[in-house]
Amino acid sequence: MGHGRDLYVSATPEGTLLRNAGERVLIKVATVVEKLPEAYKAQHPEVAWVAISRMRNLVAHHDDKVNDDVVWAALVDRVPAMVRTLGLDPGA
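Just so we're aligned: the sequence shown equals residues 1 to 92 in UniProt numbering.
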């Protein structure tokens, strides 16, 4: 997401590429989340597990309803926050 929001939402080939890549990241994150044991999820109620699954389904199956600003916020705010919350941040 280092290229910035303006390029991400732009109607350029680069913007399209970044949006497709960002959506793919969300799908991969949700795929990993789906495989986590329910006991692990129960230990971390502060993570919006259901919202992650819903976002994946929206991005994967309803491309015409995807809001690029919502996806951007998930990529730059929510996913990194989840990583920090779960203690998975290798830079921490």
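No residue lacks a Cβ here, since even glycine has one placed at the ideal position from N, Cα and C. Treat the numbers as computed from the prediction; the structure is a model and nothing was measured.
Put residue 53 into one of helix, strand or coil per three-state DSSP. helix
Buried or exposed for residue 59, please, with buried defined as at least 16 other CB atoms from any protein chain shown within 10 angstroms of its CB. buried
Can you tell me whether residue 8 is buried or exposed? The criterion is at least 16 other CB atoms within 10 Å of its CB, across all chains shown. buried
Determine the contact status of residue 31 and residue 54, defining contact as a CB-CB distance below 9 Å. no
Would you tell me roughly how many angstroms separate the C-alpha atoms of residue 42 and residue 50, rounded to the nearest one? 12 Å
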